[in-house]
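Engineer:
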Amino acid sequence: MLSFISPFVESMTWIDDISEYYPFCDAIKHSKRVANAERIRLYFESEHRSYYREGFYRACASILAVQPRLTLYLPFEELRAAPLSFREVYMDAWNNCRHYLDARECFNLGDIYEPECSVGEPELVMKAYHLLPWLIRYSYISGTKLMVIVDECLDSNDTYALRAIEDALPACKRYLNDACYSRLKQMIGDIEVPKPRLLEVTPKRKAWLEEIKRKHEPIELQCPAGPFSNNIGLITHMIINNPKENEALLIGGSTLKGYGTGASDIDIYHLDLATGIILEREDIVGRAAEPGDTGLAHLYMDTVWCACIGTKELQVRRARIIEPYLKASYHELRRKIEARLEQDLLQFRLMHKGMALAYPNDLSLETRAYKSIDGSSAFYDDRYREIATSLFASYVWLPPLSEKK
Numbered sequence: 324m325l326s327f328i329s330p331f332v333e334s335m336t337w338i339d340d341i342s343e344y345y346p347f348c349d350a351i352k353h354s355k356r357v358a359n360a361e362r363i364r365l366y367f368e369s370e371h372r373s374y375y376r377e378g379f380y381r382a383c384a385s386i387l388a389v390q391p392r393l394t395l396y397l398p399f400e401e402l403r404a405a406p407l408s409f410r411e412v413y414m415d416a417w418n419n420c421r422h423y424l425d426a427r428e429c430f431n432l433g434d435i436y437e438p439e440c441s442v443g444e445p446e447l448v449m450k451a452y453h454l455l456p457w458l459i460r461y462s463y464i465s466g467t468k469l470m471v472i473v474d475e476c477l478d479s480n481d482t483y484a485l486r487a488i489e490d491a492l493p494a495c496k497r498y499l500n501d502a503c504y505s506r507l508k509q510m511i512g513d514i515e516v517p518k519p520r521l522l523e524v525t526p527k528r529k530a531w532l533e534e535i536k537r538k539h540e541p542i543e544l545q546c547p548a549g550p551f552s553n554n555i556g557l558i559t560h561m562i563i564n565n566p567k568e569n570e571a572l573l574i575g576g577s578t579l580k581g582y583g584t585g586a587s588d589i590d591i592y593h594l595d596l597a598t599g600i601i602l603e604r605e606d607i608v609g610r611a612a613e614p615g616d617t618g619l620a621h622l623y624m625d626t627v628w629c630a631c632i633g634t635k636e637l638q639v640r641r642a643r644i645i646e647p648y649l650k651a652s653y654h655e656l657r658r659k660i661e662a663r664l665e666q667d668l669l670q671f672r673l674m675h676k677g678m679a680l681a682y683p684n685d686l687s688l689e690t691r692a693y694k695s696i697d698g699s700s701a702f703y704d705d706r707y708r709e710i711a712t713s714l715f716a717s718y719v720w721l722p723p724l725s726e727k728k
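Under the working numbering, the very last position in the sequence shown is 728; numbers go up by exactly one each time.
In C-alpha cells, the structure reads:
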C-alpha cells in the first residue's frame, strides 16, 4: 500500500491535523494565522477585490507585526492603494527588516557560485532598500526622510545600507526633485561591498547558464500559490521505485510547486523513518541530514511524503521526525527555519525560473532598465509578488507554541 501525504507546510493550515498530531502548538493563535492567510488568498483570487480589501489589509497588518519580511513581497499595486492605517504598520515593519542581509542573487537569478570554484562569500544586500522607488512614489517616504536615513547610515558606517540605497537611486530619480537627488548622490558617494570571484566555470554551471538562455514555450502555472496537493497527481507517475521497508520518499521540485517542464523537475530524497535521517544525499551538506538542521528544513517541510504504510501512520511518523523544528523556542532559531522556507518556496525556482517560464516576454517590464537593483528579476513583477505574498502568508511560518506547561 503506497500512501502520500501533503507537504507539512500545507497540512499545517488544516486545524484538525495540528490539533491531532502537534498538540504542543497553540490552537487559538494558529487558527488566527490560518484565517489571515485565507483572507489574503481570497482577495487575490477574487474578481471583485473591493469586497475583500479591508480584510486583506487587516490580515497583512497582522502578519507584518510578527513577520516584517512580508514587506519585501507585497504587490506594489496594493501598496499604492493602501489606507493610511496600513501604511503606518507597513513602515514599522519595513524599518524592522531594512537591515536584514541576504545573498543578493537570492532575489535575482539564483546565480550563487559553487564554493569550491570561487573566492569570497556571496554578495550580500539589504533588499528592503531596493523598494525605495515605490515607497517614494507612493508617499511612504519623502526625499527629506531618505536624507535622514542616509545620514544615519553614514554615522554608523553602514556600508551595505548605503550601497543598497545607491543601487535604488537611479529608479528613484523621477520621484525626487533635482536638488534632493543631487544631495543624496553627494552624501552617499561611491560605495563598494565585497563580491565573490569566480575561478572556474564547471560543467554544471555551464549547463545552467545554457539552460537559462534557452527559449521555451510559455508554460501554464499549476497552483503556484498552493495548495501543492493539487499537483500530486503530476508526480506520482514519475516515481520509478517504491520506497523500501521503513523508508519514506520525500518528493519536491518544480513540478510539485506548479512550474515544472518535465521529468527532471522532480527531486526525490530517501528518508529512514526510524531515525529521520535523509539518505543518499550527502552532497547537500557533506553528510546525511538530520532533523533540526535549519538549513535543510525545507526537505522535511516542503515535500510530499510517500511510504508503504498507512496514511495515518505516516502522519504520526512525520510528526515525530519534524518535532525538533516545531518545538524550537529561541526566536532567532525559528527565524532561521522560516528563512529557509522562504528561500525554497518564494525564491529558488519560482522567482529564478518559474515566472520566466510562464511569462518569458513581459516579466518586470517597468524595471528592466534599472540594472543596479537587478530590475529584470521577477521580484519586481506584481504577478510574482501576489503569488509570493500568498505563499508567505500560508506557508512561511511555524505554528505558535502553547504556553501551557
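Glycine residues also receive a C-beta, built at the ideal position from the N, C-alpha and C atoms. The structure presented is a predicted model; accordingly, all values stated were derived computationally and were not measured.
(1) Roughly how many whole angstroms lie between the Cα atoms of glycine 583 and serine 552?
(2) If you draw a straight line from the alpha carbon of arginine 708 to that of glutamate 661, how long is it in whole angstroms?
(3) CA-CA distance, phenylalanine 399 and arginine 376?
(4) How do the stretch 410–425 and the stretch 377–388 stand: do at least 3 beta-carbon pairs fall below 8 Å, yes or no?
(5) Of all the options Asp490, Ser408, Phe367 and Ser479, which has the alpha carbon lying nearest to the alpha carbon of alanine 692?
(6) Can you tell me whether DSSP reads tyrosine 452 as helix, strand or coil?
(7) Does the separation of the CB atoms of glutamate 437 and arginine 528 fall below 8 Å?
(8) Got a sec, what are the start and stop residues for the alpha helix (DSSP H) cysteine 420 sits in?
(9) Counting only the same chain and skipping the five closest in sequence on each side, list residues whose C-beta sits under 8 Å from that of isoleucine 555.
(10) Hey, quick one: how far does the alpha helix (DSSP H) through leucine 721 stretch, first residue to last?
(11) Using a threshold of 8 Å, state whether the C-beta atoms of tyrosine 345 and glutamine 638 are closer than that.
(12) Under three-state DSSP, which class holds phenylalanine 671?
(13) CB-CB under 7 Å to glycine 609, same chain, minus the five flanking residues each way: which ones, in chain order?
(14) Going by C-alpha distance, which of Leu325, Phe331 and Leu402 is nearest leucine 622?
(15) Mind checking asparagine 431: buried by the 16 CB within 10 Å criterion, or exposed?
(16) Taking DSSP as the reference, what is the three-state secondary structure of cysteine 383?
(17) Within the continuous beta strand (DSSP E) that includes tryptophan 628, where are the two ends?
(18) According to DSSP, is alanine 597 part of a helix, a strand, or is it coil?
(19) Exposed or buried, serine 342, counting other C-beta atoms within 10 Å across all chains shown (16 or more means buried)?
(20) Count the other C-beta atoms from every protein chain shown that fall within 10 angstroms of the C-beta of threonine 598, then say buried if there are 16 or more, exposed otherwise.
(21) In chain order, what residues of the same chain have a beta carbon less than 6 Å from the beta carbon of lysine 518, not counting five sequence neighbours either side?
(22) Tell me the residue span of the beta strand (DSSP E) that contains lysine 514.
(23) From lysine 659 to methionine 324, what does the alpha carbon distance come to, in whole angstroms?
(24) In whole angstroms, give me the CA-to-CA distance for arginine 460 and glycine 575.
(25) For isoleucine 660, which of helix, strand or coil comes out of DSSP?
(26) Quick check: the Cα distance between alanine 360 and tryptophan 337, rounded to an integer number of angstroms?
(27) Within a Cβ cutoff of 7 Å, which residues of the same chain sit near arginine 663, ignoring the five residues on either side of it in sequence?
(28) In the structure shown, what three-state DSSP assignment does aspartate 590 receive?
(29) For valine 442, name the three-state secondary structure that DSSP assigns.
(30) Does DSSP put phenylalanine 331 in a helix, in a strand, or in coil?
(31) Where leucine 686 and threonine 482 are concerned, what is the direct C-alpha to C-alpha distance, given to the nearest angstrom?
(32) Under 8 Å by Cβ, that's how I've got leucine 544 and glycine 581 pegged, so tell me the actual separation to the nearest angstrom.
(33) Which residues does DSSP pair with leucine 521 in a beta bridge?
(34) Is the CB-CB distance between proline 541 and glycine 677 below 8 Å?
(35) Take glutamate 675 as the anchor and find which of Ile535, Leu714, Leu721 and Lys567 has the nearest alpha-carbon.
(36) Reducing DSSP to helix, strand and coil, say where leucine 579 ends up.
Structural biologist: Taking the coordinates as given:
(1) Numbered from 1 along the sequence shown, position 260 holds the residue referred to as residue 583. Numbered from 1 along the sequence shown, position 229 holds the residue referred to as residue 552. Straight-line Cα distance between these residues: approximately 15 Å.
(2) For the purposes of this step, residue 708 is identified with residue 385 of the sequence shown, where counting begins at 1. For the purposes of this step, residue 661 is identified with residue 338 of the sequence shown, where counting begins at 1. Rounded to whole angstroms, arginine 708 to glutamate 661 spans 18 Å at the Cα level.
(3) Against the sequence shown, residue 399 aligns to sequence position 76. Against the sequence shown, residue 376 aligns to sequence position 53. Distance between the alpha carbons of phenylalanine 399 and arginine 376: 15 Å.
(4) yes
(5) For this step, residue 692 is matched to residue 369 along the sequence shown. Of Asp490, Ser408, Phe367 and Ser479, the residue nearest in Cα terms is Asp490.
(6) Translated into the one-based positions of the sequence shown, residue 452 becomes position 129. When secondary structure is reduced to three states using DSSP, tyrosine 452 falls in the helix class.
(7) Residue 437 sits at position 114 when you count from the first residue of the sequence shown. Residue 528 sits at position 205 when you count from the first residue of the sequence shown. Contact flag set, yes.
(8) Here residue 420 refers to the residue found at position 97 of the sequence shown. Start and end: 407–420.
(9) Your numbering for residue 555 matches position 232 in the sequence shown. Contacts found: Phe327, Ser329, Leu579 and Val627.
(10) For the purposes of this step, residue 721 is identified with residue 398 of the sequence shown, where counting begins at 1. It is not in any alpha helix (DSSP H) - leucine 721 carries neither H nor E in the DSSP assignment.
(11) By one-based count along the sequence shown, residue 345 stands at place 22. By one-based count along the sequence shown, residue 638 stands at place 315. In this structure, glutamine 638 does not lie closer than 8 Å to tyrosine 345 by Cβ.
(12) By 1-based counting over the sequence shown, the position of residue 671 is 348. In the displayed model, phenylalanine 671 falls within coil according to three-state DSSP, outside both helix and strand.
(13) What you label residue 609 is simply residue 286 of the sequence shown in a count that begins at 1. The predicted model places glycine 609 with a pLDDT of 42, which falls under 50 and marks its position as unreliable; any figure quoted below should be read in that light. Nothing listed; no residue qualifies.
(14) Counting from one through the sequence shown, the residue named residue 622 turns up at place 299. Leucine 622 has its Cα closest to that of Phe331, out of Leu325, Phe331 and Leu402.
(15) Taking the sequence shown and counting its residues from 1, one reaches residue 431 at position 108. Classification of asparagine 431: buried, given that the 10 Å Cβ count is 16 or more.
(16) Against the sequence shown, residue 383 aligns to sequence position 60. Reduced to three states, the DSSP call for cysteine 383 is helix.
(17) Within the sequence shown, the letter at position 305 stands for residue 628. Per DSSP, tryptophan 628 belongs to the beta strand (DSSP E) from 627–630.
(18) Along the sequence shown, one-based indexing puts residue 597 at 274. Three-state result, alanine 597: coil.
(19) As a position in the sequence shown, residue 342 is number 19, starting the count at 1. Exposed, by the Cβ-count rule.
(20) Along the sequence shown, one-based indexing puts residue 598 at 275. When all chains shown are included, threonine 598 counts as exposed.
(21) Residue numbering aside, residue 518 sits at position 195 when the sequence shown is read from its first letter. These residues qualify, in order along the chain: Glu446.
(22) In the sequence shown, counting from the first residue as 1, residue 514 sits at position 191. For clarity, residue 514 is isoleucine in the given sequence; the question names lysine instead. In the DSSP annotation of this structure, isoleucine 514 is not part of any beta strand (DSSP E), being labelled neither H nor E.
(23) Counting from 1 along the sequence shown, the entry for residue 659 is found at position 336. Counting from 1 along the sequence shown, the entry for residue 324 is found at position 1. Spanning the two alpha carbons is a distance of roughly 36 Å.
(24) Translated into the one-based positions of the sequence shown, residue 460 becomes position 137. Translated into the one-based positions of the sequence shown, residue 575 becomes position 252. C-alpha separation (whole angstroms): 39 Å.
(25) Looking up residue 660 in the sequence shown gives position 337. Correct three-state label for isoleucine 660: helix.
(26) In the sequence shown, the residue the question calls residue 360 occupies position 37. In the sequence shown, the residue the question calls residue 337 occupies position 14. Spanning the two alpha carbons is a distance of roughly 12 Å.
(27) Translated into positions along the sequence shown, residue 663 becomes position 340. Same-chain partners within the cutoff: Thr617, Gly618, Ala620 and His621.
(28) Mapped onto the sequence shown, residue 590 falls at position 267. Judged by DSSP in its simplified three-state form, aspartate 590 adopts strand.
(29) Locating residue 442 in the sequence shown gives position 119, where the first residue counts as 1. The answer is strand: DSSP assigns valine 442 an E or B state.
(30) Looking up residue 331 in the sequence shown gives position 8. Of the three classes helix, strand and coil, the one that applies to phenylalanine 331 here is helix, per DSSP.
(31) Position 363 of the sequence shown holds residue 686. Position 159 of the sequence shown holds residue 482. If you draw a straight line from the Cα of leucine 686 to the Cα of threonine 482, it comes to about 31 Å.
(32) Along the sequence shown, read from residue 1 onward, the residue named residue 544 stands at position 221. Along the sequence shown, read from residue 1 onward, the residue named residue 581 stands at position 258. Right, the Cβ-Cβ distance comes to about 5 Å (below 8 Å), so this counts as a contact.
(33) As a working mapping, residue 521 is identified with position 198 in the sequence shown. The partner list for leucine 521 (beta bridge, DSSP) reads Ser441.
(34) Stepping through the sequence shown from its first residue, residue 541 is reached at position 218. Stepping through the sequence shown from its first residue, residue 677 is reached at position 354. Going by C-beta atoms, proline 541 is not nearer than 8 Å to glycine 677.
(35) Mapped onto the sequence shown, residue 675 falls at position 352. Sequence inspection shows histidine at residue 675; the glutamate mentioned does not correspond to that position. Minimum Cα distance to histidine 675 is reached at Ile535.
(36) By one-based count along the sequence shown, residue 579 stands at place 256. If DSSP states are grouped into helix, strand and coil, leucine 579 belongs with the helices.
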